[in-house]
């Protein structure tokens, strides 16, 4: 059980997650485009 | 909220507590914990995690008497034969525990739940497999809420792993001093240098620590918790997972990695030693075995053949790590390797020295293997034979001890190195043992002069 990470940690997390989230979207878009061009079906993640 | 009978380490979470009843570990859930337990089941997450062996199975108990009035439900978790702690894990064990925590969180996020903390103490080992043990860590995911356990994950997993990679060996022992994890500002200072060019380290350690420093005085009001989408949280988890997956220690050889190759025994004597350990272990049929100074676990494997839950402990994190990586893929999986320096074994840690019990308080083991260890502790750590005998009597019901005579080349080498004339003879050993143990059997191994002794603690069968 852990309760108080503090303001600084939350702010850092929001900024880092924002950047990573943006990169995540770009990467996914590029991967989808690549799959489309090569005609490869999307992999399913069992989890 | 009295939590009567709760284990000494179970007091932080208002959602419930762990307690012991007739030797069985049980978990009491209060209202908040019970709501989360129901959601865990309804979401299908519990069944999925248990099926994948990622989470300890829990049975619901009915009619447990003598509970606090605010307890809504009692669960009986699958009983672990031994709780180990993060400061006893090798690099690969801590790495696998970190990856398990992130995998469990990723799966929880897919099913509308999250982990409210990221404590390394939520994970334990069943054999050589990490398993998530804290059912009360699961809670409902609140839309756009940041992950509460992020800083804790960085301090208890990410920074120790990065420090280990930099040091070239496990620094998990730091978690014994910093019980709640290596403070991020300390980690950021220690990790300065070229590693900062790695994006994951730069973000999760250095920028994270900088933000904490800059906002140290800012109080966290209701409206000040920044919003963070589910996708952003998943990206955060993904980033940590990728960075940790890539972490490896350089393959280092220590003084102990080739120990069995350098032994003074010939093949026949080695076989004789193995056969004797096997035969005596079978005769005792212990439920628990601790192999102290196990090296890569040759004798732990023999002791575990009969199904005993076996701990293979060694002070050398390199050999423990190597053993762990081998054991992960072996059946039947009843051996847990741990890093343990017998000259300074795990003490009671946390509040009132009670939150995490010492090694001795987690015993006694039915059988302790004490092979080729006595002379090392005598000469390298200057531990008198009486003290070794007294500690063995605290942690063992039975002991298989290997006596190595003073004229043995290994002992002579240690004696020359130590430059001291320590009292060390068979007669002194027998004298040290006799107030604690009965000597049931002995076996001299070939021409080496080495001898195995089967000891039974006074008052035991």
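Residue numbers (the working numbering), protein chains in the order written: chain E, 1 to 47; chain R, 1001 to 1461.
Even glycine gets a Cβ: it sits at the ideal position worked out from N, Cα and C.
When the Cα of residue 1371 of chain R is compared with those of R:1402, R:1348, R:1460, R:1218, which residue comes out closest? R:1402
Check the Cβ-Cβ distances between residue 37 of chain E and every residue of chain R, and say whether any is below 8 Å. no
By how many angstroms is the C-alpha of residue 1045 of chain R removed from the C-alpha of residue 1055 of chain R? 10 Å
Could you say if the segment 1169-1186 of chain R and the segment 35-42 of chain E meet the contact criterion of at least three C-beta pairs nearer than 8 Å? no
So within the segment 1435-1461 of chain R, which uninterrupted beta strand (DSSP E) runs reach at least 3 residues, ignoring any that extend past its ends? 1437-1445, 1450-1457
Stretch pair the segment 1375-1395 of chain R + the segment 1101-1116 of chain R: three plus CB contacts closer than 8 Å: no
Would you give the residue range spanned by the alpha helix (DSSP H) that residue 979 of chain R belongs to? In the structure displayed, chain R extends from 1001 to 1461; residue 979 of chain R sits before or after that span and is not available.
Whole-angstrom distance between residue 1072 of chain R and residue 1062 of chain R, CA atom to CA atom: 11 Å
Can you list the residues of chain R that residue 11 of chain E reaches, using a CB-CB cut of under 9 Å? 1211, 1212, 1214, 1215, 1218, 1224, 1226
I'd like to know if residue 26 of chain E contacts chain R, where contact means its C-beta is closer than 8 Å to some C-beta of that chain. no
Residue range of the beta strand (DSSP E) that includes residue 17 of chain E: Premise fails: residue 17 of chain E lies in the alpha helix (DSSP H), 7-38, not in any beta strand (DSSP E).
Taking the beta strand (DSSP E) that residue 1324 of chain R belongs to, which residues open and close that run? Segment 1317-1327 is the alpha helix (DSSP H) holding residue 1324 of chain R; no beta strand (DSSP E) there.
Which residues of chain E have a Cβ atom closer than 8 Å to the Cβ of residue 1043 of chain R, listed in chain order? Correct list: empty, because the minimum Cβ distance to chain E is about 14 Å.
Per DSSP, the bridge partner or partners of residue 999 of chain R: Past the edges of chain R, shown from 1001 to 1461, lies residue 999 of chain R, and the structure says nothing about it.
Within 10 angstroms of its Cβ, does residue 1155 of chain R collect 16 or more other Cβ (buried), or is it exposed? buried
Whole angstroms is fine: what's the gap from residue 1389 of chain R's alpha carbon to residue 1431 of chain R's? 10 Å
With a Cβ-Cβ cutoff of 8 Å, do residue 1086 of chain R and residue 1094 of chain R count as a contact? yes
Residue 1017 of chain R - DSSP class collapsed to helix/strand/coil: strand
Run the proximity test for residue 1142 of chain R: is its beta-carbon closer than 7 Å to any non-hydrogen atom belonging to the ligand SAM? With respect to the ligand SAM, the structure offers nothing, as it holds no ligand at all.
Same chain, Cβ closer than 7 Å to residue 1458 of chain R, five either side skipped, listed in chain order: 1436, 1437, 1438
Flag residue 30 of chain E as yes if its beta-carbon sits less than 8 Å from any beta-carbon of chain R, otherwise no. no
Is there a Cβ of chain E sitting closer than 8 Å to that of residue 1207 of chain R, yes or no? yes
Assuming residue 1212 of chain R is part of the alpha helix (DSSP H), what are its boundary residues? 1208-1214
Bounding residues of the beta strand (DSSP E) (the contiguous stretch that carries residue 1058 of chain R): 1058-1061
Could you tell me which whole beta strand (DSSP E) segments of length 3 or greater appear in the segment 1089-1145 of chain R? 1113-1115, 1123-1126, 1129-1132, 1138-1140
Short CB-CB distance (under 8 Å) between residue 1162 of chain R and chain E: no
Limits of the alpha helix (DSSP H) - the one that residue 1368 of chain R falls within: Premise fails: residue 1368 of chain R lies in the beta strand (DSSP E), 1365-1370, not in any alpha helix (DSSP H).
Tell me whether residue 1286 of chain R sits in a helix, a strand or coil according to DSSP, three-state version. coil
Using a Cβ-Cβ cut-off of 6 Å (strictly less than) and excluding sequence neighbours within five positions of residue 1405 of chain R, which residues of its own chain qualify? 1449
May I ask which residues mark the beginning and end of the beta strand (DSSP E) holding residue 1075 of chain R? 1073-1077
Give me the Cβ distance between residue 1383 of chain R and residue 1427 of chain R, rounded to the nearest whole Å; I'm assuming they're in contact under 8 Å. In fact, because the Cβ distance is near 18 Å, the residues do not count as touching under 8 Å.
Give the DSSP bridge partners of residue 1402 of chain R, in chain order. R:1452
C-alpha distance - residue 1299 of chain R paired with residue 1269 of chain R, whole-angstrom precision: 14 Å
Closest to residue 1305 of chain R by CA distance: which of R:1331, R:1325, R:1315, R:1326 is it? R:1331
Taking residue 1313 of chain R and residue 1290 of chain R to be in contact with their CB atoms under 8 Å, please state how far apart those CB atoms are, rounded to whole angstroms. 6 Å
What's the C-alpha gap between residue 25 of chain E and residue 1228 of chain R? 15 Å
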